[in-house]
Amino acid sequence: GQQLNQSPQSMFIQEGEDVSMNCTSSSIFNTWLWYKQEPGEGPVLLIALYKAGELTSNGRLTAQFGITRKDSFLNISASIPSDVGIYFCAGSPYSGTYKYIFGTGTRLKVLA
Amino acid sequence: GAGVSQSPSNKVTEKGKDVELRCDPISGHTALYWYRQSLGQGLEFLIYFQGNSAPDKSGLPSDRFSAERTGGSVSTLTIQRTQQEDSAVYLCASSRPPQGSQETQYFGPGTRLLVL
Numbered sequence: 001g002q003q004l005n006q007s008p009q010s011m012f013i014q015e016g017e018d019v020s021m022n023c024t025s026s027s028i029f030n031t032w033l034w035y036k037q038e039p040g041e042g043p044v045l046l047i048a049l050y051k052a053g054e055l056t057s058n059g060r061l062t063a064q065f066g067i068t069r070k071d072s073f074l075n076i077s078a079s080i081p082s083d084v085g086i087y088f089c090a091g092s093p094y095s096g097t098y099k100y101i102f103g104t105g106t107r108l109k110v111l112a
Numbered sequence: 113g114a115g116v117s118q119s120p121s122n123k124v125t126e127k128g129k130d131v132e133l134r135c136d137p138i139s140g141h142t143a144l145y146w147y148r149q150s151l152g153q154g155l156e157f158l159i160y161f162q163g164n165s166a167p168d169k170s171g172l173p174s175d176r177f178s179a180e181r182t183g184g185s186v187s188t189l190t191i192q193r194t195q196q197e198d199s200a201v202y203l204c205a206s207s208r209p210p211q212g213s214q215e216t217q218y219f220g221p222g223t224r225l226l227v228l
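Going down the list, the protein sequences come from chains A and B.
For the first sequence, this note's numbering begins at 1 and goes up steadily by one.
For the second sequence, this note's numbering begins at 113 and goes up steadily by one.
Dropping the structure here:
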């Protein structure tokens with residue numbers, strides 16, 4: 001099925017560094033979601049975005065709905081070891097939908 | 113329970129055998145979803161149940177895959193005549209009744225299926 005382009009595929013960073021990742025789509029989206037998945041667990045929703053240009057924070061995490069509506073960004077500030085996991089973006093061109101297209105994930109490893 | 117539960121957590125089967133995967137959604141959640149997550153890939157939508165409406169089966173990859181939801185609660189995903197390419201993590205999620213455009217999906221831990 002269709003998937004989003006998510007980058008980078010993986011990141012190895014030092015504890016305390018900031019992290020940035022993004023997703024791009026070939027079509028306009030009305031909703032962007034960011035999930036985190038830890039080993040052996042299902043994804044957990046971090047941030048949901050519903051308006052172009054929207055900037056939303058959840059603790060050290062900040063996500064933005066790109067103004068073109070074809071991309072989204074997730075930033076993690078001052079990374080800590082428990083930030084390790086796979087971060088997925090998901091989006092949909094429809095409002096009020098249950099069907100989302102998922103990115104292939106960014107695997108984050110934090111070195112203490 | 114407090115969250116979505118899935119069983120078994122791991123399943124190893126031989127090619128050609130049938131498997132059944134179970135999902136218990138969060139109590140009160142009327143929507144239930146099945147996804148497949150292959151190694152190194154994102155989540156692939158399989159099927160969606162909402163209340164008593166006809167399910168959206170558009171994501172099922174072949175007629176070997178089927179799913180049921182009994183009594184609007186527990187769901188079973190069945191894969192018949194399993195193939196090696198069916199090996200993946202099968203994730204279930206549930207959400208509350210639709211409230212505008214916001215319908216957060218809560219995921220279970222998944223069932224890791226390995227077809228030998």
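Where is the CB? At the ideal position from N, CA and C, for every residue including glycine.
Residue i Cβ short of 8 Å to the ligand NAD heavy atom set
{"i": "A:Ile86", "result": "Only the bare structure without any ligand can be found here, which leaves the ligand NAD out of the picture."}
Expected contact under 8 Å - CB spacing of residue i and residue j to nearest Å
{"i": "B:Val131", "j": "B:Leu225", "result": "7 Å"}
{"i": "A:Leu108", "j": "A:Gly85", "result": "6 Å"}
{"i": "B:Leu155", "j": "B:Gln149", "result": "5 Å"}
{"i": "A:Gly42", "j": "B:Leu203", "result": "5 Å"}
{"i": "A:Tyr87", "j": "A:Gly105", "result": "7 Å"}
{"i": "A:Glu15", "j": "A:Ser79", "result": "6 Å"}
{"i": "A:Asn75", "j": "A:Ser20", "result": "5 Å"}
Simplified DSSP assignment, three categories, for residue i
{"i": "B:Glu197", "result": "helix"}
{"i": "A:Asp71", "result": "strand"}
{"i": "A:Ser82", "result": "helix"}
{"i": "B:Ala114", "result": "coil"}
{"i": "A:Thr104", "result": "coil"}
{"i": "B:Val186", "result": "coil"}
{"i": "B:Phe161", "result": "strand"}
{"i": "B:Glu156", "result": "strand"}
{"i": "A:Gly38", "result": "First, the residue type needs correcting, since residue 38 of chain A is Glu and not Gly in the sequence shown. A:Glu38: coil per DSSP, three-state reduction."}
{"i": "B:Glu180", "result": "strand"}
{"i": "A:Leu4", "result": "strand"}
{"i": "B:Leu172", "result": "coil"}
{"i": "A:Ile47", "result": "strand"}
{"i": "A:Ala52", "result": "coil"}
{"i": "B:Lys129", "result": "coil"}
{"i": "A:Ile28", "result": "coil"}
{"i": "B:Leu225", "result": "strand"}
Residues that DSSP places opposite residue i in a beta bridge
{"i": "B:Ala205", "result": "B:Tyr145 and B:Phe219"}
{"i": "A:Ile76", "result": "A:Val19 and A:Leu61"}
{"i": "A:Ala90", "result": "A:Leu33 and A:Phe102"}
{"i": "A:Lys109", "result": "A:Phe12"}
{"i": "B:Ser119", "result": "B:Arg134"}
Within 9 Å, strictly: CB atoms of residue i and residue j
{"i": "A:Cys89", "j": "A:Gly66", "result": "no"}
{"i": "B:Thr194", "j": "B:Gly128", "result": "yes"}
{"i": "B:Gly184", "j": "B:Thr216", "result": "no"}
{"i": "B:Leu172", "j": "B:Cys135", "result": "no"}
{"i": "A:Ser77", "j": "A:Thr62", "result": "yes"}
{"i": "A:Thr68", "j": "A:Ile28", "result": "yes"}
{"i": "A:Trp34", "j": "A:Ala52", "result": "no"}
{"i": "B:Trp84", "j": "B:Ser187", "result": "This structure does not reach residue 84 of chain B, given that chain B is present from 113 up to 228, and the question cannot be answered."}
{"i": "A:Thr24", "j": "A:Tyr50", "result": "no"}
{"i": "A:Asp83", "j": "A:Val44", "result": "no"}
{"i": "B:Arg176", "j": "B:Gln192", "result": "yes"}
- Contact residues within the region 153 to 169 of chain B, judged by C-beta distance below 9 Å to chain A: Gln153, Gly154, Leu155, Glu156, Phe157, Tyr160, Gln162 and Asp168
- Task: With 8 Å as the C-beta to C-beta threshold (strictly closer), list the residues of the region 166 to 193 of chain B near chain A in chain order.
- Result: Asp168 and Gly171
- Task: Below 8 Å between beta carbons is the criterion; list the residues of the region 39 to 62 of chain A that meet it against any residue of chain B, in chain order.
- Result: Gly40, Glu41, Gly42, Pro43, Val44, Leu45, Ala48 and Tyr50
- What residues from the region 125 to 145 of chain B come within 8 Å of chain A, judged by C-beta to C-beta, listed N to C? Ala143 and Tyr145
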